[in-house]
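In this note's numbering, each residue carries its 1-based index in the sequence shown increased by 455.
Each remark here refers to the structure printed beneath this line.
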Amino acid sequence: MEPERGVSVAPNRFETTMERRADPPGEPGWLFFRDHCWRGDATDEAHLCDPTSEALGVTVVSASFRELRTDEAYLSALREAIADDLAPFRADDVDEVLHKYLGSSVHVRS
């Protein structure tokens, strides 16, 4: 961060909220939740910092996952895509997959 002349920032870090739109099920990136979340939290905070830094174009020193904010249509499509191929999730059913990776962190909006 390089502020304008005469402007300073202390500390040189700040906290903010980033929202990442979930990729449509079946399209590249749709397994982001599987690759980065476990029981509704980031699996590896340092690992999550990399794609976050890349997306924002700034160095990210800490990142966490809060929730999947979605609508009924997306959740239905997600459930269907998971059901089509359960093997990579190592689960017996869709509910188990959602619980394993997202915990109770699914917020359905109308």
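Glycine included, every Cβ here is placed at the ideal spot set by N, Cα and C.
- Distance from the Cα of E500 is smallest, within the candidate group F520, R475, H554 and G558, for F520.
- Annotated as distal: R524 and H491, with beta-carbon spacing of 8 angstroms or more.
- Note on A465: under 16 other CB atoms within 10 angstroms of its CB, so exposed under the neighbour-count rule.
- In this chain, the alpha helix (DSSP H) harbouring R489 covers F487 to H491.
- Taking a 10 Å sphere around the C-beta of L511, we find fewer than 16 other C-beta atoms and assign the residue as exposed.
- In the three-state scheme derived from DSSP, where H, G and I count as helix and E and B as strand, L503 is classed as helix.
- A buried status is given to V552, since no fewer than 16 other beta-carbon atoms sit within 10 Å of its beta-carbon.
- With a cutoff of 8 angstroms on beta-carbon distance, R489 and Y556 are scored as near each other.
- Assigned with DSSP and collapsed to three states, V563 falls in strand.
- Following the DSSP letters along the chain, one finds L523 inside the beta strand (DSSP E) bounded by residues L523 to D526.
- Checking the DSSP bridge columns, you'll see D496 partnered with W493.
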